[in-house]
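Engineer:
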Amino acid sequence: MNWITQTGHVAAKDVRHTWVQLAAYIVLLTTTAASVVSGRALGPYWPTSSTQVLGAIDVFVIYLPLCTILLGFVMAASLVQADSPTRATAFWASRPLSPSAVLASKLALVFVTVVALPLLAALVALRSFDAGASLTASTLTHAAFVYGEWLMAAMIVAALTDDLRTFIGATVAILVAAAIVLGALSDSTPTNAALDGGAAALVLDIVQAVAFAGGAVLLAYLYRTRQRRRSTWVGGGIITAVLVFGSVASPSEARSAPLALSDGPPLEVAPVDSVTSGQPRSVQVEVAVPLRSDALRLEFRPDTMRIETRQGTEIGRRIGIVSRTIDGSVLPPVGQPVRWLFDQATSAHGRVTYMLDAVEEPAAASGITSVTLGGVVTAYRPHLLASLPLRDGAVAMSRGRRLRIYGFDHGRSSADLYLQVSDVTNGTGDSGFGIPTGGILQFVLVNSARSEAMLIGNAPSSNASGPDWIVLPWIGVSNTFTHFVTNASGHEMLLPQDDAWYRGARLVVVEWVAESRYRTSGKMVTP
Amino acid sequence: MNVVEISQLTYRYGRVTALRHVDFSVPQGALYALLGPNGSGKTTLLQILAGLRRADSGRASVMGIPVASLRTADRRRIGYVAEGQLLPGWMRLREVEAYLAPLYDTWDESLARELCERFELDPTRKIRTLSRGEQMKAALLCALAPRPELLVMDEPFTGMDALVKDALVRGLLESAGSEGWTVLACSHDIGELELLADWVGILDHGEMRVSEPMDVVRERFKHVDVMFSSDRAPAARRDFLPPNNWLSVERSGSHVSFVLSCAVGESAEQMIAAQFGGEAQVEMRNATLRETFVALTKQRSGGAPQEVAA
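Taken in order, these protein sequences are the chains called A and B. Residue numbers for the first sequence follow the working numbering, so the first one is 30 and each next one is one higher. Residue numbers for the second sequence follow the working numbering, so the first one is 2 and each next one is one higher.
(1) Whose C-alpha, out of B:Gly181, B:Phe25, B:Ala281 and B:Glu135, is nearest the C-alpha of Lys166 (chain B)?
(2) Would you verify that the beta carbon of Arg119 (chain B) is, or is not, closer than 8 Å to some beta carbon of chain A?
(3) Can you give the Cα-Cα distance for Thr559 (chain A) and Leu296 (chain A), rounded to whole angstroms?
(4) Counting only runs that start and end within the stretch 190 to 276 of chain B, where is the alpha helix (DSSP H) found for 4 or more residues in a row?
(5) What is the residue span of the alpha helix (DSSP H) that Ala145 (chain A) lies within?
(6) Return no unless some Cβ of chain B is closer than 8 Å to the Cβ of Phe196 (chain A).
(7) Within the chosen definition, does the stretch 542 to 549 of chain A reach the stretch 386 to 397 of chain A through at least 3 CB pairs nearer than 8 Å?
(8) Check for me: the beta strand (DSSP E) holding Met1 (chain B) runs from which residue to which?
(9) How many Å lie between Pro128 (chain A) and Glu193 (chain B) at the Cα?
(10) Please classify Arg171 (chain B): is it buried, with 16 or more other beta-carbons within 10 angstroms of its beta-carbon, or exposed?
(11) Is the Cβ of Thr73 (chain B) closer than 8 Å to any Cβ of chain A?
(12) Determine which residues share a DSSP beta bridge with Asn487 (chain A) and list them.
(13) Take every Cβ of the stretch 23 to 34 of chain B, pair it with every Cβ of the stretch 193 to 213 of chain B, and state whether three or more of those distances are shorter than 8 Å.
(14) Between Ala296 (chain B) and Arg126 (chain B), what straight-line distance do the alpha-carbon atoms span, to the nearest angstrom?
(15) In chain order, which alpha helix (DSSP H) runs of at least 4 residues are fully inside the stretch 36 to 118 of chain B?
(16) So that I know if they touch, is there some Cβ in chain B lying closer than 8 Å to that of Pro125 (chain A)?
(17) When DSSP builds the beta bridges, which residues end up paired with Lys127 (chain B)?
(18) Thinking C-beta only, is Gly265 (chain A) closer than 8 Å to Leu290 (chain A)?
(19) Inspect the beta-carbon positions of Val367 (chain A) and Val475 (chain A) and report whether they are closer than 8 Å.
(20) Sort A:Leu402, A:Val66, A:Arg428 and A:Cys96 by Cα distance to Gly551 (chain A) and report the nearest one.
(21) Under 8 Å between beta-carbons, which chain A residues line up against Leu104 (chain B)? List them in chain order, please.
(22) Per DSSP, what are the beta-bridge partners of Phe25 (chain B) in this structure?
(23) Taking just the CA atoms, how far does Gln35 (chain A) sit from Arg13 (chain B)?
(24) Rounded to whole angstroms, what is the Cα-Cα separation between Val141 (chain A) and Arg335 (chain A)?
(25) Can you look up Val500 (chain A) in the DSSP assignment and give me helix, strand or coil?
(26) How many Å lie between Tyr547 (chain A) and Ile469 (chain A) at the Cα?
(27) Please list the residues of the stretch 241 to 256 of chain A that have a C-beta atom closer than 8 Å to any C-beta atom in chain B, keeping them in chain order.
(28) What does Gln271 (chain B) reach in chain A if we use C-beta pairs closer than 7 Å?
(29) Identify which residue in A:Thr77, A:Leu501, A:Ala53 and A:Ser443 has its Cα closest to the Cα of Gln526 (chain A).
(30) What residues from chain B crowd round Phe513 (chain A), counting only those whose CB sits closer than 9 Å?
(31) Can a CB atom of chain B be found closer than 8 Å to the CB of Ala119 (chain A)?
(32) Measuring straight from C-alpha to C-alpha, what distance separates Leu224 (chain A) and Val236 (chain A)?
(33) May I ask you to verify whether the stretch 116 to 133 of chain B touches the stretch 60 to 67 of chain B, counting CB pairs closer than 8 Å and requiring at least 3?
(34) Mind checking the stretch 14 to 43 of chain B against chain A and listing, in chain order, the residues whose C-beta falls within less than 7 Å of any C-beta there?
(35) Going by Cα to Cα distance, which pick from B:Val218, B:Phe120, B:Leu10 and B:Glu251 is closest to Arg60 (chain B)?
(36) Cα separation between Met522 (chain A) and Leu370 (chain A)?
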């Protein structure tokens with residue numbers, strides 16, 4: 030037997046050995062993928078005839094993916110321990126088998142079956158979101174890389190332990206230790222700023238790749254020498270720790286390359302009612318930021334403000350947490366010329382509030398002469414995402430999102446639409462409420478026959494769930510359940526007054542995709 | 002030609018030295034019995050020879066090839082059976098055979114069938130359902146079917162009944178003789194090994210005490226019974242310090258027994274005559290392997306001459 034046939038020979042034996050686990054794994058994956066494809070996993074669902082739950086079914090989006098990876102760990106450990114590299118009593122050890130062929134068969138089985146099968150299931154699930162090739166490839170690559178790291182760590186632990194029971198004990202101990210250490214680290218460092226940015230992500234990727242390669246080398250060393258000495262324990266511990274912590278600490282937000290920042294036109298900053306008002310400790314500075322574009326939606330995110338006072342002092346600081354951005358939106362294109370039933374263009378103005386601290390209050394109380402505001406403007410271009418009939422149960426999939434109407438009602442003064450948006454465009458499932466991170470969604474009711482349209486907006490009772498998981502914990506899906514209403518306050522008479530309008534209408538979803546960013550600032554001088 | 006060559010071999014488990022500068026060799030075609038008390042390092046030594054452990058220092062070669070350099074093709078020529086060796090319990094015996102057969106060019110299907118019948122093994126049973134003795138038989142079958150040039154056996158008789166042991170020993174003797182196999186075996190069952198072996202090595206506390214042909218060992222170690230006419234004879238007295246080559250000395254009144262260790266070429270009769278002259282009645286015979294083993298290992302562990310109640 031040559032090296033390749035030995036590898037296949039051992040692998041065939043291992044497949045027979047682990048067929049029960051493999052069958053259970055396939056059943057798990059099939060169940061999970063089918064539940065996602067059918068839409069059942071993501072809800073909403075009805076536990077009782079009268080109760081509706083706005084959320085995904087945890088069994089399918091939390092517990093089964095967890096079971097999948099736990100079973101994956103057990104399978105990886107079973108494969109390694111079936112021909113243990115470190116037990117002198119191992120059956121294979123005294124046989125004419127090449128150690129590298131035995132290791133190759135283990136790695137091949139782990140990475141072809143344990144990793145590839147869930148990726149295949151996830152691929153099927155992602156297809157049901159109409160995820161594009163780029164999104165699918167990046168999502169599956171990320172999941173494969175992280176799962177591969179965990180499985181490599183599991184293989185090392187399995188190689189250094191004698192049996193499955195010891196492996197499980199060691200794994201639980203490692204996970205508990207990791208949770209404690211990560212908890213302590215998150216308490217001591219309020220942000221993971223050190224890990225932000227593409228450079229940090231690259232460094233982390235390199236460290237993890239080196240650890241992964243180190244894990245493979247360690248396994249090869251163990252299979253070759255069959256020695257379990259102190260140095261191998263230390264090496265195994267370090268590699269396992271790097272693999273586990275590296276995959277957990279991965280700054281996913283840093284992996285999405287932000288748009289390049291260019292310079293743009295200056296910002297107009299205008300006073301609103303008053304620049305300062307109220308009592309000390311609650312003095313607020315308010316400015317208006319007019320944003321205008323005929324075709325693009327502009328969003329301004331302020332990050333610095335400098336205030337000059339009548340005392341001649343200057344108050345200024347970086348705005349750390351931005352509670353809101355200022356949108357200068359335009360009415361979206363809906364695929365045909367339409368007449369908007371009432372003007373719902375959002376205000377091209379917004380307000381930035383600056384809370385003064387105790388040191389700044391006395392200076393500000395003397396009066397403010399000017400305010401300079403700086404920040405980043407992002408320009409969004411509209412894309413028609415989906416169009417679906419305006420009826421309960423209508424479903425549309427487009428570019429990583431699945432939209433499902435789970436309720437519609439209308440009267441003479443308002444229309445209520447209940448829409449579920451399941452979004453896989455983020456990968457981690459960390460979505461902003463109502464605004465999936467792939468882009469800003471806008472929802473329009475359109476009656477094509479009459480060439481009329483009206484915008485709908487979020488109602489206060491909207492709901493979000495997740496992030497949930499698809500097949501593996503590293504493939505996230507955000508799931509939002511939004512109650513939309515017609516924003517026709519004061520214009521109720523302009524709403525369609527006949528049922529036929531709604532019967533012939535469709536819900537058109539427009540996605541505003543970020544196209545460019547530029548830094549800008551503006552100065553406002555008080556009278 | 003020596004099939005096994007060991008020189009200055011040392012192996013440590015952490016701070017414990019399991020083998021200390023061990024030297025020995027096994028000639029081609031020999032049936033070598035490796036004896037030693039528990040913890041003497043026998044299993045470690047055999048594992049090193051089978052390539053399951055790497056020595057800290059020293060040299061070990063099998064069929065002229067350093068153990069660390071043994072290739073897959075070389076391993077086909079070595080059979081290894083050990084107590085505690087993990088057989089794949091989920092497999093049926095016939096599946097184990099089917100798994101192993103393609104790995105060996107020399108796998109003998111008819112020998113496998115014959116051994117299966119001789120050991121009364123059911124090839125359709127899963128390994129984990131076999132008794133301890135049956136599992137050892139299955140392991141032996143797997144090691145013998147490829148007709149290895151060197152067979153290394155660590156406690157091969159564990160769990161076997163007397164009939165099977167006899168059959169196995171006979172079978173091994175026949176096969177070894179006809180096939181020219183070299184067998185290296187260690188066992189607590191000294192009686193069985195004595196029947197089997199033509200070479201013997203005694204390992205004690207990680208050191209090789211004896212490694213010689215069985216004939217030489219029989220000639221070198223004599224069991225001596227001495228009956229003095231009076232318990233006041235010098236050698237019968239309690240304060241008598243026996244010579245270094247008196248091993249395992251026991252006294253009972255005027256009767257003294259011991260194992261006499263002679264150097265190669267020394268005449269035991271002349272030594273005894275020189276020691277006692279005509280003052281005592283002396284009976285001397287070749288020591289059994291058990292007596293030699295006990296005498297050597299007891300001496301190493303500091304066993305003092307024993308008083309045996311009359």
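Quick reminder that beta carbons are idealized off the backbone N, C-alpha and C, glycines included.
Structural biologist: By the coordinates alone:
(1) Start at 1 with the first residue of the second sequence, and residue 166 (chain B) comes out as number 165. Taking only the C-alpha atoms, the option nearest Lys166 (chain B) is B:Glu135.
(2) Position 118 of the second sequence, counting from 1, holds the residue named residue 119 (chain B). No, Arg119 (chain B) does not count as interfacial toward chain A.
(3) An answer regarding residue 559 (chain A) cannot be provided, because it is not within the stretch 30 to 556 covered by chain A.
(4) 191 to 197 and 215 to 221
(5) As a position in the first sequence, residue 145 (chain A) is number 116, starting the count at 1. Unbroken alpha helix (DSSP H) run through Ala145 (chain A): Ala145 to Arg156.
(6) Position 167 of the first sequence, counting from 1, holds the residue named residue 196 (chain A). No, its Cβ sits nowhere closer than 8 Å to a Cβ of chain B.
(7) no
(8) Residue coverage of chain B in this structure runs from 2 to 311, which leaves residue 1 (chain B) outside it and unanswerable.
(9) Walking along the first sequence from the start, residue 128 (chain A) turns up at place 99. Walking along the second sequence from the start, residue 193 (chain B) turns up at place 192. When rounded, the distance between both Cα atoms is 35 Å.
(10) For the purposes of this step, residue 171 (chain B) is taken as residue 170 along the second sequence, with counting starting at 1. Exposed, since its Cβ has fewer than 16 Cβ neighbours within 10 Å.
(11) Counted from its first residue, the second sequence places residue 73 (chain B) at position 72. Thr73 (chain B) counts as touching chain A.
(12) Reading the first sequence from its first residue, position 458 is the one you call residue 487 (chain A). According to DSSP, Asn487 (chain A) bridges with A:Phe513.
(13) yes
(14) Along the second sequence, one-based indexing puts residue 296 (chain B) at 295. Along the second sequence, one-based indexing puts residue 126 (chain B) at 125. Approximately 44 Å between the Cα atoms of the pair.
(15) 43 to 50, 73 to 76 and 94 to 101
(16) Counted from its first residue, the first sequence places residue 125 (chain A) at position 96. Output row for Pro125 (chain A): interface = yes.
(17) The sequence position of residue 127 (chain B) within the second sequence is 126, counting from 1. Lys127 (chain B) pairs with B:Arg93.
(18) Counted from its first residue, the first sequence places residue 290 (chain A) at position 261. Counted from its first residue, the first sequence places residue 265 (chain A) at position 236. In this structure, Gly265 (chain A) does not lie closer than 8 Å to Leu290 (chain A) by Cβ.
(19) Start at 1 with the first residue of the first sequence, and residue 367 (chain A) comes out as number 338. Start at 1 with the first residue of the first sequence, and residue 475 (chain A) comes out as number 446. The answer is yes: Cβ separation under 8 Å.
(20) Here residue 551 (chain A) corresponds to residue number 522 of the first sequence, with the count starting at 1. Out of A:Leu402, A:Val66, A:Arg428 and A:Cys96, A:Leu402 has the C-alpha closest to the C-alpha of Gly551 (chain A).
(21) Your numbering for residue 104 (chain B) matches position 103 in the second sequence. The contacting residues are Met30, Gln35, His38, Arg124, Pro125 and Leu126.
(22) In the second sequence, residue 25 (chain B) corresponds to position 24, counting from 1. B:Ile7.
(23) For the purposes of this step, residue 13 (chain B) is taken as residue 12 along the second sequence, with counting starting at 1. For the purposes of this step, residue 35 (chain A) is taken as residue 6 along the first sequence, with counting starting at 1. In a straight line, the C-alpha of Arg13 (chain B) is about 33 Å away from that of Gln35 (chain A).
(24) Here the question's residue 141 (chain A) lines up with position 112 in the first sequence. Here the question's residue 335 (chain A) lines up with position 306 in the first sequence. Answer to the nearest angstrom: the Cα atoms are 58 Å apart.
(25) By 1-based counting over the first sequence, the position of residue 500 (chain A) is 471. Val500 (chain A): coil per DSSP, three-state reduction.
(26) Along the first sequence, read from residue 1 onward, the residue named residue 547 (chain A) stands at position 518. Along the first sequence, read from residue 1 onward, the residue named residue 469 (chain A) stands at position 440. If you take the alpha carbons of Tyr547 (chain A) and Ile469 (chain A), they lie about 18 Å apart.
(27) Thr254, Arg255 and Gln256
(28) Counting from 1 along the second sequence, the entry for residue 271 (chain B) is found at position 270. Per Cβ cutoff of 7 Å: no residues; Gln271 (chain B) is ~48 Å from chain A at best.
(29) In the first sequence, the residue the question calls residue 526 (chain A) occupies position 497. Answer by Cα proximity: A:Ser443.
(30) Within the first sequence, residue 513 (chain A) is the residue found at index 484, counting from 1. Residues of chain B passing the Cβ test: none, with the nearest at roughly 58 Å.
(31) In the first sequence, residue 119 (chain A) corresponds to position 90, counting from 1. Yes, contact with chain B.
(32) Taking the first residue of the first sequence as 1, we reach residue 224 (chain A) at position 195. Taking the first residue of the first sequence as 1, we reach residue 236 (chain A) at position 207. In this predicted model, Leu224 (chain A) has a pLDDT of only 49, less than 50, meaning its place in the structure is not dependable enough to derive any value.
(33) no
(34) none
(35) Your numbering for residue 60 (chain B) matches position 59 in the second sequence. Closest option to Arg60 (chain B), Cα to Cα, is B:Leu10.
(36) What you label residue 522 (chain A) is simply residue 493 of the first sequence in a count that begins at 1. What you label residue 370 (chain A) is simply residue 341 of the first sequence in a count that begins at 1. Straight-line Cα distance between these residues: approximately 10 Å.
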